[in-house]
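Structure record follows, encoded as structure tokens.
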């Protein structure tokens, strides 16, 4: 392995390099709100339902459309249902067409950031099967209700491309909770089926003893999700409301809305004596293969056009100060190589123009071997989290670059705090895009605010205050979609704890792995 | 030559400006000779559903048992005449699975504040399919011109207030 001359780079030179990077090498890539929406392909989410059938042409309405009986027509996903109709063309092949949707998250991935732009709903038709009408033009078919988005679904009997009969049903939203009792700090798993596709039926919002905890979606998982809270508070009964939310907080009088079927469900959890395991815990999202290649990295356009060099890192992600090995081939033989970390500096606060810029941080210097290869160790800088690139530069040109994702990590929090005194929770590796620049904070399941890591270069000190009776109090940090600076209108899920982040999070498609942190303090007199 | 090029350029620009307008006018002119406006309100006499707190409010969401009231206004494009009993041969709403709903011309509202329009109502049958129903409003005038308006209803379950 080639020795890195990191320590040989004097502070003057390093400062000079950084300053030069900041002043000259800075790329004029703006942060203005000029969205270029990209509907990102949903990655394969482990355990998520797939389309209930093959995509088909929904057909055209027949001149005289009959009614198709659907029994029952208010059902739970997976329940048996029967369709029947009469008066249809005799002895004809019938396709049972289920109208549903595909939903994709919308992002604006740019070299210097990623903006969150909501979601895109595409109406689609799938076949639930085929049958045949009898000599009298009657047909019937029994199927299982698809595990699919909840709410209303149109169903058509299609003969020769014509919708000859129309049925419909409502998939009810179901919510289950487990366990129903346990000591303070007990993880509570809530499973939801039947979040719908239309905006006002697509989210759930959670109240814990009337305190807003966060919001839940199921866009990537066809309306199904499983998320966790922890039991907080004193001994006895506590109430968890899973209600509907149009955009982020609960919609409290849905019974009077046009969509009363998504009105909330209330569940009781009883806190018993004792204490659950309260050691700090990091809960990562599910592992997926990202579908979006353009992340927050420098574009390939920055590469020297005549370079044929290739490079790879021994690990594609890690925490700040992680060690990794970069290997390369095709470099200019026996010539010096500058190893450079590409990141940004700036912030979004009161941003009205160019508010952050790329800078290059030296990682060290090496020399390519006589065959143009390189193998060198690098240490990931203690800075912003998220997607970066390690660049290999020769004679001022970027010969190759490799993306690296810096994960955020919990650093420190006190275990015992005197009531009525402040305390601090520390994180590192918080990023700067709208997907990863903040973390949402709840105290005993009550959303209290967010903390941002951009201006502090990824290092976050959350200023908290010990309240409540002596005993255990819970602090949970959740991913949050930052929808300010730039702000786009009518976005769902902005600025609130995103409880279903493990399986439905726009950043998953772009390789952003943002965890929740489960912390606890003991408040004493 | 320069002048020809300028004219050519102007023509290109004009055609580019005109193109969107032409693109919007995608219907056959012969079929757009009747203009219709339609809406629906909830009737005050539902059968099999609880009356809403306020009647005659604009909505296209109806529960089974509720009363769907169509209200339609129209005019003839060529003459500008308001469509009324004097110049309309027939007017109805075609609803999948149900008999055509004849529209009637009449005055509505309190005395002194009456408004004339085409209207009629139907009760959503108990077993009517849930979901989207595309209805068609059809007019034929004495001048043998036609107007058609596709109007979407959402049929929703008749849920009692849920017990939490």
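Protein chains in written order, with this note's numbering: chain W, 80 to 604; chain U, 487 to 650. Note that the Cβ used here is the ideal one computed from N, Cα and C, for glycine as well. Fair warning: this is a prediction, and the values are worked out from it, not measured in the lab.
Give every residue of the same chain whose Cβ lies closer than 6 Å to the Cβ of residue i, excluding the five residues on either side of it in the sequence, and list them in chain order.
i: residue 266 of chain W; result: 307, 309
i: residue 452 of chain W; result: 408
i: residue 591 of chain U; result: 570, 571, 604
i: residue 608 of chain U; result: 554, 587
i: residue 535 of chain W; result: none
i: residue 631 of chain U; result: 519, 520
i: residue 181 of chain W; result: 201, 203
i: residue 349 of chain W; result: 260, 316
Which same chain residues end up closer than 7 Å to residue i when comparing Cβ atoms and leaving out the 5 residues on each side of it in sequence?
i: residue 618 of chain U; result: 638, 640
i: residue 361 of chain W; result: 489, 594, 596
i: residue 551 of chain W; result: 263, 264, 354, 357, 599, 601
i: residue 481 of chain W; result: 390, 391, 392, 405, 468, 469
i: residue 174 of chain W; result: 135, 206, 209, 237
i: residue 434 of chain W; result: 110, 425, 426, 427
i: residue 490 of chain U; result: Summary for residue 490 of chain U: the model assigns pLDDT 40, below 50, so the residue's position carries little reliability; its value from the coordinates is reported in the next sentence. Cβ within range, chain order: n/a, list empty.
Can you check whether the C-beta of residue i is within less than 7 Å of a C-beta belonging to chain W?
i: residue 556 of chain U; result: no
i: residue 583 of chain U; result: yes
i: residue 637 of chain U; result: no
i: residue 547 of chain U; result: yes
i: residue 587 of chain U; result: no
i: residue 643 of chain U; result: yes
Starting from the C-beta of residue i, find all residues in its chain whose C-beta is less than 8 Å away, skip the five residues before and the five after it, and write them out in chain order.
i: residue 582 of chain U; result: 619, 620, 621
i: residue 176 of chain W; result: 135, 137, 138, 204, 205, 206, 207, 234, 235, 236, 237, 242
i: residue 543 of chain U; result: 527, 528
Report yes or no: is there a C-beta of chain U within less than 7 Å of the C-beta of residue i?
i: residue 249 of chain W; result: yes
i: residue 144 of chain W; result: yes
i: residue 152 of chain W; result: yes
i: residue 245 of chain W; result: yes
i: residue 233 of chain W; result: yes
If I'm right that residue i touches residue j with Cβ under 8 Å, what's the distance once you round it to whole angstroms?
i: residue 363 of chain W; j: residue 594 of chain W; result: 5 Å
i: residue 245 of chain W; j: residue 227 of chain W; result: The Cβ separation is near 18 Å, so there is no contact.
i: residue 411 of chain W; j: residue 454 of chain W; result: Residue 411 of chain W to residue 454 of chain W, Cβ: 16 Å. No contact.
i: residue 201 of chain W; j: residue 229 of chain W; result: Not really, about 17 Å apart at Cβ, beyond 8 Å.
i: residue 187 of chain W; j: residue 117 of chain W; result: 7 Å
i: residue 225 of chain W; j: residue 131 of chain W; result: 3 Å
i: residue 442 of chain W; j: residue 420 of chain W; result: 5 Å
i: residue 119 of chain W; j: residue 371 of chain W; result: 5 Å
i: residue 319 of chain W; j: residue 220 of chain W; result: Rounded, the Cβ-Cβ distance is 39 Å, inconsistent with contact.
i: residue 529 of chain W; j: residue 570 of chain W; result: Between residue 570 of chain W and residue 529 of chain W the Cβ distance is about 16 Å, and since that is not below 8 Å, they are no contact.
i: residue 576 of chain W; j: residue 365 of chain W; result: Incorrect: roughly 18 Å between the Cβ atoms, too far for contact.
Would you mind reading off the limits of the beta strand (DSSP E) that contains residue i?
i: residue 489 of chain W; result: 488-491
i: residue 325 of chain W; result: Where residue 325 of chain W is concerned, there is no enclosing beta strand (DSSP E), given that its DSSP letter is neither H nor E.
i: residue 506 of chain W; result: 501-507
i: residue 613 of chain W; result: The displayed coordinates of chain W run from 80 to 604. Any statement about residue 613 of chain W would go beyond what the structure contains.
i: residue 144 of chain W; result: 139-146
i: residue 177 of chain W; result: 172-189
i: residue 558 of chain W; result: 550-558
i: residue 529 of chain W; result: 525-531
i: residue 350 of chain W; result: 344-354
i: residue 207 of chain W; result: 192-211
i: residue 559 of chain U; result: 553-562
i: residue 575 of chain U; result: 574-580
i: residue 285 of chain W; result: 282-287
i: residue 403 of chain W; result: 402-408
Which residues of the region 453-477 of chain W have a Cβ closer than 8 Å to any Cβ of chain U? Give them in chain order. none
If you measure beta-carbon to beta-carbon, which residues of the region 593-618 of chain U are closer than 8 Å to chain W? 613, 614, 615, 616, 617, 618
Members of the region 330-363 of chain W near chain U, C-beta cut-off 8 Å: 334, 337, 338, 339, 340, 342, 343, 344, 345
Compile a chain-ordered list of the residues in the region 274-293 of chain W whose CB is closer than 9 Å to at least one CB of chain U. none
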